[in-house]
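Worksheet for the structure shown next.
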Amino acid sequence: MEWARPFLKWAGGKSQLLEDLDRRLPDEVKNRKIKRYIEPFVGGGAFFFHIAQRYSPEEIHILDINEELILAYRVIQRAVDRLVEGLGKIEARYLSLPQDERARLYYQIREEFNREKRGFDFENCGESGIERVIRLIFLNRTCYNGLYRVNSRGEFNVPFGKYREPRILNESGLRCASQLLKGVHIQKGDFSTCDTLVDDRTFVYFDPPYRPISRTSSFTAYSEGSFSDADQRRLARFFQRMHVRGARLMLSNSDPKNVDPSDGFFDQLYSEFRIERVPARRAISSNGEGRGVLNELVITNYR
Ligand SMILES: C[S@@+](CC[C@H](N)C(=O)[O-])C[C@H]1O[C@@H](n2cnc3c(N)ncnc32)[C@H](O)[C@@H]1O
Numbered sequence: 002m003e004w005a006r007p008f009l010k011w012a013g014g015k016s017q018l019l020e021d022l023d024r025r026l027p028d029e030v031k032n033r034k035i036k037r038y039i040e041p042f043v044g045g046g047a048f049f050f051h052i053a054q055r056y057s058p059e060e061i062h063i064l065d066i067n068e069e070l071i072l073a074y075r076v077i078q079r080a081v082d083r084l085v086e087g088l089g090k091i092e093a094r095y096l097s098l099p100q101d102e103r104a105r106l107y108y109q110i111r112e113e114f115n116r117e118k119r120g121f122d123f124e125n126c127g128e129s130g131i132e133r134v135i136r137l138i139f140l141n142r143t144c145y146n147g148l149y150r151v152n153s154r155g156e157f158n159v160p161f162g163k164y165r166e167p168r169i170l171n172e173s174g175l176r177c178a179s180q181l182l183k184g185v186h187i188q189k190g191d192f193s194t195c196d197t198l199v200d201d202r203t204f205v206y207f208d209p210p211y212r213p214i215s216r217t218s219s220f221t222a223y224s225e226g227s228f229s230d231a232d233q234r235r236l237a238r239f240f241q242r243m244h245v246r247g248a249r250l251m252l253s254n255s256d257p258k259n260v261d262p263s264d265g266f267f268d269q270l271y272s273e274f275r276i277e278r279v280p281a282r283r284a285i286s287s288n289g290e291g292r293g294v295l296n297e298l299v300i301t302n303y304r
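Take 2 as the starting number for the sequence shown in the numbering used here and just add one per residue.
Have a look at this one:
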C-alpha cells in the first residue's frame, strides 16, 4: 500500500517534523496500550496519517473547526470513487487549456466556491458535498503557493498559481487516505469538544494555529475565527485538565523566542510540563522574516 499523506497543502503542516514528533511519542502508543488517539486540530493531517499507518490505534478521533476540511475528510472516507472521477475530469479539462484560459477557469471556480458557501449544508456528503470538495482540492492544487486562506468574510481569496503541470488528482493517495479513514470519527468543532472522549488510555496530539511569529505576520486565518492569546490560554487550561485525568498529551507550537528571546509566553503557560525546542524548517510564512530554521516547541506531560 502506498504511504498516505495530506491530500491538501495546509498551513502549519507537520510533514517536516514527523520524525521529531514520533521520537517523542509515549511508549504506550508504540506498544499499543493506548486505546484512543485524538487530534483536535487535525488540519492537513500529516501526523494523523503517520500514526494511523504506523501504529493503528484501536480508536481514532480527528477534529477541526474548519468545515471545508471536515467535509473533505468525510467525502474521502465515504465517496472516494466519485471524488476521483470528478477530480480526473477537472484535471483533464484544466491541463488541456492554455495558461490564460486556465486562469479564467480558476477564477470562475473560485467564484462559484465562494458564492455557494453561504447557506451550504456542510453536513451533507452527497452530490453537492462531493462537488464542493472537488473544487476545494482543485483550488488548493492550482492556487498561488497551494494554500488555504480566507478573508474576514470567509471567502477563499488566494490568487491563481501558474504551475505548469499541477497534479490535481492523486488517485492512489486519495484511495489510501480513504482506507485509513475507515472507522475514524470525524467531527467539526472547537478543540474542547473532545473533552468527553479523553480518559487515562487516551493520547492527544494538539497542533493549534501558531501564535504569530512577529507583530506583522498574522498567519492564523485558517477559518474566519483566528486563534488569539486568550485561546492559547484556554487551551493550556484544557491541557492541564486532561493531564489530571491521566491522558498522555503532546502539543506543538512555534517558539516566540525565535523572534523575541525574552518572550516566555508558552514557557509560563506550560511551566509544569516538559518543554523541548526542536529545530524546524517552516514551509509557509506570510513574510520573508519567518523563513529559515526556527525552533518549534514540543510540550509533553510525560518523559
Ligand atoms: C496548525 S493547523 C494544524 C496543522 C496540521 N497538524 C497539519 O499537519 O497540517 C491548526 C488547525 O487548527 C484549526 N483550528 C483553529 N481554531 C480551532 C479551534 N478553536 N478548535 C479546533 N481547531 C481549530 C484550523 O482550522 C487548522 O486546521
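From the three backbone atoms N, C-alpha and C, an ideal C-beta is built for every residue, glycine too.
Quick caveat, the model's predicted, so the values are computed rather than measured.
(request) Would you tell me roughly how many angstroms separate the C-alpha atoms of G14 and N254, rounded to the nearest one? (result) G14 and N254: Cα-Cα distance of roughly 12 Å.
(message) For ligand 1, I want to know if P209 counts as a neighbour, meaning its beta carbon is within less than 7 Å of at least one of the ligand's heavy atoms.
(response) yes
(request) Give me the Cα-Cα distance between I110 and S227, rounded to the nearest whole angstrom. (result) 26 Å
(message) If you measure between the beta carbons of P160 and T143, is that distance less than 8 Å?
(response) no
(request) Since I believe V134 is in contact with V76 (beta carbons under 8 Å), could you give me their beta-carbon distance rounded to a whole number of angstroms? (result) 4 Å
(message) Is the beta carbon of F48 closer than 8 Å to that of E40?
(response) yes
(request) Would you check whether ligand 1 has a heavy atom nearer than 7 Å to the C-beta of I66? (result) yes
(message) What does the alpha-carbon distance come out to for the pair E132 and G87?
(response) 8 Å
(request) Alpha carbon to alpha carbon, how far is D21 from L298? Give it in angstroms, no decimals. (result) Straight-line Cα distance between these residues: approximately 11 Å.
(message) Determine whether the beta carbon atoms of L137 and E69 lie at a separation below 8 Å.
(response) yes
(request) Verify the contact flag: V43, CB atom, against every heavy atom of ligand 1, threshold strictly below 7 Å. (result) Yes; taking the cut-off as 7 Å, the Cβ of V43 has a heavy atom of ligand 1 nearer than that.
(message) Just checking P280 against ligand 1 - is the residue's beta carbon closer than 7 Å to any of the ligand's heavy atoms?
(response) Incorrect: P280 has no Cβ contact closer than 7 Å to ligand 1.
(message) Given 7 Å as the limit, tell me if L22 has its C-beta closer than that to any heavy atom belonging to ligand 1.
(response) Flag unset: Cβ of L22 not near ligand 1.
(message) If you reduce the DSSP assignment to three classes, tell me which class K15 lands in.
(response) Residue state for K15 is assigned as coil, using DSSP reduced to three classes.
(message) Taking a contact to mean a Cβ-Cβ separation below 8 Å, would you say L64 touches C177 in this structure?
(response) no
(message) Going by DSSP in three states, L298 sits in which element: helix, strand or coil?
(response) strand
(message) Taking the beta carbon of D80 as the centre, do at least 16 other beta carbons fall within 10 Å, making it buried, or is it exposed?
(response) A quick correction: the sequence has Ala, not Asp, at residue 80. So A80 ends up on the buried side.
(request) Determine the direct distance from the alpha carbon of G130 to that of D122, and round the result to whole angstroms. (result) 8 Å
(message) Starting from L270, trace the alpha helix (DSSP H) in both directions and tell me its first and last residue.
(response) That run of the alpha helix (DSSP H) goes 266-270.
(request) Keeping to the same chain, check which residues put their C-beta closer than 6 Å to that of G45; ignore five residues upstream and five downstream. (result) P7, L9, W11, G14
(request) Run the proximity test for P1: is its beta-carbon closer than 7 Å to any non-hydrogen atom belonging to ligand 1? (result) Missing from the structure shown is residue 1; the chain here goes from 2 to 304 and no further.
(message) As a quick exercise: from S97, F139, Y38, pick the residue whose alpha carbon is nearest that of L198.
(response) Y38
(request) Note down the Cα distance separating E172 from Q78, rounded to an integer number of angstroms. (result) 14 Å
(message) I need the DSSP call for I63, collapsed to helix, strand or coil.
(response) strand
(request) Out of I61, S179, V294, F274, state which residue places its alpha-carbon closest to the alpha-carbon of A237. (result) F274
(message) Can you tell me whether F48 sits near ligand 1, meaning its C-beta is under 7 Å from at least one heavy atom of the ligand?
(response) yes
(message) Can you find the residues in the same chain that come closer than 8 Å, C-beta to C-beta, to N115, ignoring five residues on each side of it along the sequence?
(response) E156, F157
(request) Give me the Cα-Cα distance between V185 and P27, rounded to the nearest whole angstrom. (result) Approximately 21 Å, taken between the alpha carbons.
(message) Judging by CA-CA distance, which residue of F42, L19, P58 is the nearest neighbour of N32?
(response) P58
(message) Does P99 pass the burial test, meaning 16 or more other C-beta atoms within 10 Å, or should it be called exposed?
(response) By the C-beta density criterion, P99 is exposed, having fewer than 16 other C-beta atoms within 10 angstroms.
(request) Can you tell me which of W4, V43, K36, E29 puts its alpha carbon nearest to the alpha carbon of Y206? (result) The residue among W4, V43, K36, E29 with its C-alpha nearest the C-alpha of Y206 is V43.
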